[in-house]
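Reading through the structure tokens given below for one structure.
There are 2 protein chains.
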Amino acid sequence: MPREISAYSNPLVKWARSLRDKKNRRAEGRFLAEGLRILSEAQQSGHMPEYIFYADDSARHPRAQALIQATENAGGMAVNTTRQILTKLSGKDNPQAVVGIYPEFDTSLAKIDRSTADIWLVAQALRDPGNLGTMLRTGDAVGAGGLILIDDCVDPFSVEAIRASMGAVFTQALATASWGEFLVWLRAGEGQLVGTSLDAELDYQEPDYARPCFVLTGNESAGLPADYTEACDLLVKMPMHGKADSLNAAVATAVMAYEVVNQFRR
Amino acid sequence: MPREISAYSNPLVKWARSLRDKKNRRAEGRFLAEGLRILSEAQQSGHMPEYIFYADDSARHPRAQALIQATENAGGMAVNTTRQILTKLSGKDNPQAVVGIYPEFDTSLAKIDRSTADIWLVAQALRDPGNLGTMLRTGDAVGAGGLILIDDCVDPFSVEAIRASMGAVFTQALATASWGEFLVWLRAGEGQLVGTSLDAELDYQEPDYARPCFVLTGNESAGLPADYTEACDLLVKMPMHGKADSLNAAVATAVMAYEVVNQFRR
Chain A
8 MPREISAYSN PLVKWARSLR DKKNRRAEGR FLAEGLRILS EAQQSGHMPE
58 YIFYADDSAR HPRAQALIQA TENAGGMAVN TTRQILTKLS GKDNPQAVVG
108 IYPEFDTSLA KIDRSTADIW LVAQALRDPG NLGTMLRTGD AVGAGGLILI
158 DDCVDPFSVE AIRASMGAVF TQALATASWG EFLVWLRAGE GQLVGTSLDA
208 ELDYQEPDYA RPCFVLTGNE SAGLPADYTE ACDLLVKMPM HGKADSLNAA
258 VATAVMAYEV VNQFRR
Chain B
8 MPREISAYSN PLVKWARSLR DKKNRRAEGR FLAEGLRILS EAQQSGHMPE
58 YIFYADDSAR HPRAQALIQA TENAGGMAVN TTRQILTKLS GKDNPQAVVG
108 IYPEFDTSLA KIDRSTADIW LVAQALRDPG NLGTMLRTGD AVGAGGLILI
158 DDCVDPFSVE AIRASMGAVF TQALATASWG EFLVWLRAGE GQLVGTSLDA
208 ELDYQEPDYA RPCFVLTGNE SAGLPADYTE ACDLLVKMPM HGKADSLNAA
258 VATAVMAYEV VNQFRR
């Protein structure tokens with residue numbers, strides 16, 4: 008039976024709301040995801056929320072109904088609440104129909120099995136949650152195994168990152184590691200490390216990429232540090248035909264990743 | 008001589024701050040752009056701000072000094088202000104060193120000269136300012152002539168769109184039009200209209216693209232309306248290797264645009 012909560016002062020609502028902050032997510036090991044599309048993606052990947060918040064009007068949607076029922080069947084709690092509370096949880100004026108709370112994943116590098124995919128995305132010191140989520144979404148589209156976050160990246164479990172991932176956070180493996188840990192792990196097995204850099208001489212369409220290919224993208228402002236590019240097997244650049252010589256980091260990753268998978272499917 | 012303003016209640020500061028709202032931008036015909044990189048890009052493209060706001064610490068940066076001087080030389084007003092006011096203007100806790108105010112551009116389709124570039128980007132009912140700015144930035148990178156906005160798109164002069172464009176709003180032509188206006192204009196000259204759609208059968212690497220190529224991307228959620236795709240010369244899809252069958256709109260545009268320019272440069 009769904010629990011009914013209409014007061015914003017309710018402790019469960021306050022607790023859920025607190026997961027919008029990174030330090031609370033870390034302390035609780037939980038994160039928020041919103042929207043029928045993302046929660047459905049999660050379900051299809053075998054991830055059920057511990058709590059699902061919905062309002063009366065959202066419950067009329069058949070997919071919401073199914074999600075609510077499936078959550079309860081899996082031992083989660085359904086919380087029938089108000090649109091106002093959904094707005095508070097989602098931080099958007101026009102809230103999604105449902106908000107779910109999920110346990111965070113184990114993001115240790117040791118969990119990554121590189122043999123499961125031909126391409127992996129690697130991001131270093133990424134600052135923008137939208138870029139991080141977009142990379143996860145692109146990773147899903149190109150059939151990547153997952154996203155490996157190097158050094159101090161923005162939190163992949165932030166509401167903004169989850170939203171931009173459009174659910175790919177549930178379908179892509181996710182790992183965090185220092186550069187040193189990553190290099191040791193990478194060189195302990197097969198893998199070609201391909202960095203993108205505006206200073207590279209090699210056009211990204213020139214080389215033959217090898218499986219598994221690790222596509223490495225640097226920080227939005229600074230790009231990759233010099234000693235990181237030196238550790239790459241290949242350093243390539245996308246041709247720049249304009250005045251500014253720059254691409255958004257998530258865009259550069261996608262253009263690069265599609266080149267790699269286009270080669271692989273030929 | 009720079010004007011000194013330290014009070015947030017100053018009418019010029021209030022007026023500048025008001026340009027963060029679309030209706031004020033339209034009424035005043037002015038918009039805000041922030042940061043040394045974006046203002047330098049503007050200058051290199053021949054766009055000087057009417058006002059440049061800076062703080063004492065930013066003025067120590069040689070590039071900021073040069074921008075302030077060039078603005079005054081061009082008849083604009085330099086405003087020496089506080090970090091607090093810069094924060095208010097930029098809406099970010101960690102404000103950029105400089106904020107400029109520029110006159111909006113004429114975005115009528117008649118101003119577009121299609122013969123100036125081999126590729127043009129076209130977006131329909133785009134909702135996200137970050138996507139719009141990212142498309143401008145990608146347009147610059149691929150050497151596109153500009154971005155044509157169809158139907159009810161988010162404002163290209165919003166602070167978020169300008170920021171995401173990284174200055175490409177000053178290097179790319181920008182036009183707004185209804186679908187009907189656009190089609191009449193397009194068919195009055197040469198041009199191949201290429202739509203992207205998840206429902207398309209044709210792989211985006213199959214066709215031969217023709218100059219000038221107009222790459223059309225639809226709304227983030229709904230994609231292109233059916234009658235819009237029917238009007239395209241080609242309807243193509245990027246291969247989807249994952250579970251979610253989706254790409255961010257700005258990412259899809261970039262992957263498509265790079266395929267087109269890669270063909271052209273072969």
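In order, the protein sequence lines correspond to chains A and B. Per the working numbering, residue 8 is the first one in the first sequence, and the count goes up by one each step. Per the working numbering, residue 8 is the first one in the second sequence, and the count goes up by one each step. For each residue, glycine too, the CB sits at the ideal point set by N, CA and C. This one's a predicted model, so the numbers in the text were calculated from it and none came from an experiment.
Inset, instruction - Below 8 Å on the Cβ atoms is my guess for Phe-189 (chain A) versus Ile-155 (chain A); work out the distance and round it to an integer in Å. - result: Under the criterion of beta carbons closer than 8 Å, Phe-189 (chain A) and Ile-155 (chain A) qualify as touching, at roughly 6 Å.
Inset, instruction - Inspect the beta-carbon positions of Leu-181 (chain B) and Gly-153 (chain B) and report whether they are closer than 8 Å. - result: In this structure, Gly-153 (chain B) lies closer than 8 Å to Leu-181 (chain B) by Cβ.
Legend entry - CB contact below 8 Å: Gln-76 (chain B) versus chain A: Not an interface residue.
Legend entry - Which of helix, strand or coil DSSP assigns to Ile-119 (chain A): If DSSP states are grouped into helix, strand and coil, Ile-119 (chain A) belongs with coil.
Inset, instruction - Give the single residue among A:Lys-99, A:Phe-60 and A:Arg-67 whose Cα lies nearest to the Cα of Thr-78 (chain A). - result: It is A:Phe-60.
Legend entry - Assigned exposure category for Gly-202 (chain A) - 16 Cβ within 10 Å defines buried: If you draw a 10 Å sphere on the C-beta of Gly-202 (chain A), you find 16 or more other C-beta atoms in it, and that means buried.
Inset, instruction - Compare the C-beta of Ala-42 (chain A) with all C-beta atoms of chain B and state if any pair is closer than 8 Å. - result: The question names Ala, yet the displayed sequence has Gly at residue 42 (chain A). At a cut-off of 8 Å between C-beta atoms, Gly-42 (chain A) does not count as an interface residue with respect to chain B.
Legend entry - Residues near Thr-207 (chain B) by beta carbon distance below 7 Å, same chain, minus five either side: Going by the sequence as given, residue 207 (chain B) is Ala instead of Thr. A distance below 7 Å between beta-carbons, with the five flanking residues on each side excluded, links Ala-207 (chain B) to the following residues of its chain, in chain order: Leu-242, Val-243 and Lys-244.
Legend entry - Glu-48 (chain A): contacting residues in chain B (beta-carbon distance under 9 Å): For Glu-48 (chain A), the neighbours in chain B by C-beta distance under 9 Å run, in chain order, Lys-250 and Ala-251.
Legend entry - Any C-beta of chain B under 8 Å from that of Met-173 (chain A): So yes, Met-173 (chain A) belongs to the interface.
Legend entry - Spatially closest choice to Leu-74 (chain B) from B:Leu-96, B:Leu-43 and B:Asp-64, by CA coordinates: When each option's Cα is compared against that of Leu-74 (chain B), the closest is B:Leu-43.
Inset, instruction - Please go through the same chain and pick out, in chain order, the residues whose beta-carbon is closer than 7 Å to the beta-carbon of Pro-163 (chain B), but skip the five residues on each side of it. - result: Hits under 7 Å: Leu-139, Leu-156, Val-176 and Leu-181.
Inset, instruction - Report all residues from its chain with a CB closer than 7 Å to the CB of Ser-65 (chain A); omit the five preceding and five following residues, and keep chain order. - result: Contacts found: Ala-71, Ala-104 and Val-105.
Legend entry - Beta carbon proximity, Asn-255 (chain B) to chain A, threshold 8 Å: It does; some Cβ of chain A falls within 8 Å.
Legend entry - Contained alpha helix (DSSP H) runs [length at least 4] in the segment 159–242 of chain A, N- to C-terminal order: Runs of the alpha helix (DSSP H) inside the segment 159–242 of chain A: 166–172, 175–178, 186–194 and 233–237.
Legend entry - Contact under 8 Å by Cβ, Leu-7 (chain B) with Leu-39 (chain B): What is shown of chain B runs 8 to 273, which leaves residue 7 (chain B) out entirely.
Legend entry - Spatial distance of Asp-100 (chain A) from Thr-94 (chain A) (CA atoms): Spanning the two alpha carbons is a distance of roughly 6 Å.
Inset, instruction - Return no unless some Cβ of chain A is closer than 8 Å to the Cβ of Asn-101 (chain B). - result: At a cut-off of 8 Å between beta carbons, Asn-101 (chain B) makes no contact with chain A.
Inset, instruction - Please name the residue, chosen from B:Ser-185, B:Thr-145, B:Tyr-109 and B:Ala-168, that lies closest to Ala-117 (chain B) on a Cα-to-Cα basis. - result: Distances from the alpha-carbon of Ala-117 (chain B) to those of B:Ser-185, B:Thr-145, B:Tyr-109 and B:Ala-168 put B:Ser-185 closest.
Inset, instruction - Count the other C-beta atoms from every protein chain shown that fall within 10 angstroms of the C-beta of Arg-37 (chain B), then say buried if there are 16 or more, exposed otherwise. - result: Classification of Arg-37 (chain B): buried, given that the 10 Å Cβ count is 16 or more.
Inset, instruction - Out of B:Thr-114, B:Ala-62 and B:Gly-107, state which residue places its alpha-carbon closest to the alpha-carbon of Gln-91 (chain B). - result: It is B:Ala-62.
Inset, instruction - Say whether the segment 211–224 of chain A touches the segment 16–25 of chain B, bearing in mind that this needs 3 or more beta-carbon pairs closer than 8 Å, one atom from each stretch. - result: Cβ pair count under 8 Å is below three, so no.
Legend entry - For Ala-14 (chain A), the three-state DSSP class (helix, strand or coil): Here Ala-14 (chain A) carries a coil assignment [DSSP, helix/strand/coil].
Inset, instruction - Work out the CA separation of Ser-13 (chain B) and Arg-33 (chain B) for me, nearest whole Å. - result: Each residue's alpha carbon lies about 27 Å from the other.
Inset, instruction - With a cut-off of 8 Å on the beta carbons, I'd call Asp-215 (chain B) and Pro-246 (chain B) a contact; round off their distance for me. - result: Not confirmed; about 18 Å, so no contact.
Inset, instruction - Could you work out which residues of chain A lie near Asp-147 (chain B), taking near to mean beta carbons separated by less than 7 Å? - result: Think of a sphere of 7 Å around the beta carbon of Asp-147 (chain B): the chain A residues whose beta carbon falls inside it are Gly-249, Lys-250 and Ala-251, in chain order.
Inset, instruction - Determine the contact status of Val-268 (chain A) and Gly-146 (chain A), defining contact as a CB-CB distance below 8 Å. - result: Between Val-268 (chain A) and Gly-146 (chain A), the CB-CB gap reaches or exceeds 8 Å.
Legend entry - DSSP beta-bridge partners of Leu-39 (chain A): Residue pairing of Leu-39 (chain A) in beta bridges, as defined by DSSP: A:Ile-108.
Legend entry - Met-55 (chain B), enclosing alpha helix (DSSP H) - first and last residue: No alpha helix (DSSP H) holds Met-55 (chain B); DSSP gives it neither H nor E.
Legend entry - Element boundaries [alpha helix (DSSP H), containing Ala-71 (chain B)]: Where Ala-71 (chain B) is concerned, the enclosing alpha helix (DSSP H) stretches over 69–80.
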